[in-house]
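Encoded as structure tokens, the structure appears first; notes follow it.
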Amino acid sequence: MRLLIGTLLFCLGSALIPVMNAEAYLSVVAQNSDWWPALLGFVAGLGQTGGKVIWYYAGRGSTRVPWIRKKLESPKWQASYDRWYARASDRPALATALLAASGLSGFPPLAVMAVLFGALRFNLPLFTLTVLVSRALRFWAILEAASLAWRFL
Numbered sequence: 114m115r116l117l118i119g120t121l122l123f124c125l126g127s128a129l130i131p132v133m134n135a136e137a138y139l140s141v142v143a144q145n146s147d148w149w150p151a152l153l154g155f156v157a158g159l160g161q162t163g164g165k166v167i168w169y170y171a172g173r174g175s176t177r178v179p180w181i182r183k184k185l186e187s188p189k190w191q192a193s194y195d196r197w198y199a200r201a202s203d204r205p206a207l208a209t210a211l212l213a214a215s216g217l218s219g220f221p222p223l224a225v226m227a228v229l230f231g232a233l234r235f236n237l238p239l240f241t242l243t244v245l246v247s248r249a250l251r252f253w254a255i256l257e258a259a260s261l262a263w264r265f266l
């Protein structure tokens, strides 16, 4: 149980602090754990999702920062924001697919995507579910691969 709580907390921290590498942590955990990789992957994904929701809210509040608000007052910035807002709200399936690709691959960085989706006021439940599923699948794959690698070393 301590491993699950530790994994949850480490992955929450790694979602907020880039130098905390969740993948490296999980690779070591895979060597020393009897827990199911799918369960550990889910717990790691849950921790990462919590951190990315914090980034989402940071992005959501970013439009209230004075210098960003001032930038958005310019017609060029406002047009760009409106264009991206329309893309995200008019095509939620495409936006969700982009978010899932980021969660699975790490490109573009998910923290950046979380801030962007927050600023665009993307649907929070859809954001949360997409991040959770994509990160849990990513971490499950990493745990399986690391576990397999450790068997051959």
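With this note's numbering, you'll find the sequence shown wraps up at 266, consecutive numbering, no jumps.
In this text, a Cβ means the ideal position worked out from N, Cα and C, and glycines have one as well.
Around the C-beta of residue i, are 16 or more other C-beta atoms found within 10 angstroms, so that it is buried, or is it exposed?
i	result
Leu212	buried
Lys165	buried
Val156	buried
Leu153	buried
Met226	buried
Arg115	exposed
Arg73	Here the chain has residues from 114 to 266 only, and residue 73 is not among them.
Ser127	buried
So the candidates are the options; which of them puts its Cα closest to the Cα of residue i?
i	options	result
Gly163	Leu129, Asn134 and Met133	Leu129
Tyr280	Glu257, Ala258, Leu152 and Val244	Nothing can be reported for residue 280: it is not among the residues displayed for the chain, which extend from 114 to 266.
Ser146	Ala201, Pro131, Leu117 and Ser127	Leu117
Trp197	Val225, Pro188 and Leu229	Leu229
Arg177	Arg251, Leu250 and Ala232	Ala232
Considering only residues of the same chain and omitting the five flanking positions on each side of residue i, which have a CB-CB separation below 7 Å?
i	result
Trp190	Lys184
Tyr194	Leu185
Ile167	Leu129
Pro221	Ser215
Between which residues of its own chain and residue i is the CB-CB distance below 6 Å, once the five residues before and five after are set aside?
i	result
Leu144	Checking the sequence shown, residue 144 turns out to be Gln, not Leu. Cβ neighbours of Gln144 beyond the five flanking positions: Trp263.
Cys124	Ala135, Ala157, Gly160 and Gln161
Ile181	Ser175
Ser247	Ala213, Gly216 and Leu217
Ala259	Ser140 and Ala143
Within its chain, find whatever has a CB closer than 8 Å to the CB of residue i; leave out the 5 residues flanking it on each side and keep chain order.
i	result
Thr120	Tyr138, Leu139, Val142, Leu153, Val156, Ala157 and Gly160
Pro150	Ala143, Trp253, Leu256, Glu257 and Ser260
(message) Using a Cβ distance threshold of 8 Å, determine whether the stretch 235-252 contacts the stretch 199-216, with at least three qualifying pairs required.
(response) yes
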